[in-house]
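Student:
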Amino acid sequence: GAVVSQHPSWVICKSGTSVKIECRSLDFQATTMFWYRQFPKQSLMLMATSNEGSKATYEQGVEKDKFLINHASLTLSTLTVTSAHPEDSSFYICSALKGGNTDTQYFGPGTRLTVL
Amino acid sequence: GIQVEQSPPDLILQEGANSTLRCNFSDSVNNLQWFHQNPWGQLINLFYIPSGTKQNGRLSATTVATERYSLLYISSSQTTDSGVYFCAVVRRGGSEKLVFGKGTKLTVNP
């Protein structure tokens, strides 16, 4: 199997607070994980590529100081939304790259963030 | 960058009908995946299919890499097939980043 979990599944927070989202590959090791953002009725937008033991690579237009990514182990990557504002409200999804013969990305169930 | 176009954007079917979803891409690819996003947002892997044909139950997919398109077939559709179907590709020679199409929203009515 290839199971990816995310925690929490949903979170409501006040404007100005920080929120941490965890992404874990449960039954395989992933040197590379990805973080996506999805607005209602839209497709997934890649935010950043997270590599174990090194700095994340952010996509153009994504503020690295606002969306802090840490990939401290082969099974865990975290995304911290710092000083969250209502416009950060969205559905955040992570994926983990399972290597081998096919480089297939497996996705977590997503985290719905609502900033009041 | 590589462009991924999916059609149709919306599809409404009666239970039991068959359907074909299409994905066109603008460059050579190393990886092509089809996903089903259920109403709760979970992306479910359907196929890893950069070329060739695969079948899994009522679903099958064909990718013609030389002509830069992939098709997803759903036979004998069920209400649980409802959701959004995404095609995503990794450009050959590029990074491992998946580029997603805008999806096809499928509604299967009882």
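Line by line, the protein sequences give chains G and C.
Heads up, the first sequence is in the working numbering, so the first residue is 5 and it goes up one at a time.
Heads up, the second sequence is in the working numbering, so the first residue is 92 and it goes up one at a time.
Note that the Cβ used here is the ideal one computed from N, Cα and C, for glycine as well.
The model shown is predicted, which means the values in this text are computed figures rather than measured ones.
1) Check this for me: beta carbons of C/ALA179 and C/LEU189, under 8 Å apart or not?
2) What three-state label does DSSP hand G/ASP31 in the structure shown?
3) Would you mind working out which of C/ASN109, C/GLU106, C/ASN147 and C/VAL120 sits nearest C/GLU158, comparing C-alpha positions?
4) With distances taken Cα to Cα, identify the nearest neighbour of G/PHE43 among G/TYR62, G/ASP92 and G/PRO113.
5) Within 10 angstroms of the Cβ of C/HIS127, are there 16 or more other Cβ atoms? Answer buried if so, exposed if not.
6) Tell whether a beta-carbon distance below 8 Å holds between C/SER166 and C/THR153.
7) Quick one: what's C/GLN146 bridged to in DSSP?
8) Excluding the 5 residues preceding and the 5 following G/LYS68 in the sequence, name in chain order all residues of the same chain whose CB lies nearer than 7 Å to its CB.
9) Going along the chain, which residues of the region 167-180 of chain C sit with their C-beta nearer than 9 Å to a C-beta in chain G?
10) Kindly give me the distance between the Cβ atoms of G/ASP107 and C/ASN147, rounded to whole angstroms, as I take these residues to be in contact under 8 Å.
11) Classify C/ASP101 as helix, strand or coil using the three-state DSSP reduction.
12) Can the beta-carbon of C/GLU96 be found closer than 8 Å to that of C/GLY192?
13) Hey, how far is the Cα of C/GLN105 from the Cα of G/GLY114?
14) Can you tell me the Cα-Cα spacing of G/PRO12 and G/LEU72, whole angstroms?
15) Name the chain C residues that come within less than 8 Å of G/SER47, Cβ to Cβ?
16) Can you tell me where the beta strand (DSSP E) with G/PHE43 in it begins and where it stops?
Tutor: Let's see:
1) Locating residue 179 of chain C in the second sequence gives position 88, counting from the first residue. Locating residue 189 of chain C in the second sequence gives position 98, counting from the first residue. Closer than 8 Å, so yes.
2) Here residue 31 of chain G refers to the residue found at position 27 of the first sequence. Coil.
3) Within the second sequence, numbered from 1, the residue matching residue 158 of chain C stands at position 67. Out of C/ASN109, C/GLU106, C/ASN147 and C/VAL120, C/VAL120 has the C-alpha closest to the C-alpha of C/GLU158.
4) Residue mapping note: residue 43 of chain G aligns to position 39 of the first sequence, counting from 1. When each option's Cα is compared against that of G/PHE43, the closest is G/ASP92.
5) Here residue 127 of chain C is taken as the residue at index 36 of the second sequence, counted from 1. It is buried - the Cβ of C/HIS127 has at least 16 other Cβ atoms within 10 Å.
6) Position 75 of the second sequence holds residue 166 of chain C. Position 62 of the second sequence holds residue 153 of chain C. No, they are not a contact pair.
7) Position 55 of the second sequence holds residue 146 of chain C. Partner(s): C/SER151.
8) Mapped onto the first sequence, residue 68 of chain G falls at position 64. Result list for G/LYS68: TYR62, in chain order.
9) VAL175, PHE177 and ALA179
10) The count along the first sequence starts at 1 and reaches residue 107 of chain G at position 103. The count along the second sequence starts at 1 and reaches residue 147 of chain C at position 56. No, G/ASP107 and C/ASN147 are not in contact; Cβ-Cβ is about 20 Å, not under 8 Å.
11) Within the second sequence, residue 101 of chain C is the residue found at index 10, counting from 1. Strand at C/ASP101.
12) Sequence index remark: in the second sequence, residue 96 of chain C carries index 5 (1-based). Sequence index remark: in the second sequence, residue 192 of chain C carries index 101 (1-based). Contact flag set, yes.
13) For the purposes of this step, residue 105 of chain C is identified with residue 14 of the second sequence, where counting begins at 1. For the purposes of this step, residue 114 of chain G is identified with residue 110 of the first sequence, where counting begins at 1. So the alpha carbons of these two residues sit roughly 30 Å apart.
14) One-based indexing of the first sequence puts residue 12 of chain G at position 8. One-based indexing of the first sequence puts residue 72 of chain G at position 68. G/PRO12 and G/LEU72: Cα-Cα distance of roughly 17 Å.
15) Translated into positions along the first sequence, residue 47 of chain G becomes position 43. Per Cβ cutoff of 8 Å: PHE177, PHE191, GLY192, LYS193 and GLY194.
16) Here the question's residue 43 of chain G lines up with position 39 in the first sequence. Neither: G/PHE43 is in no beta strand (DSSP E) and is coded neither H nor E.
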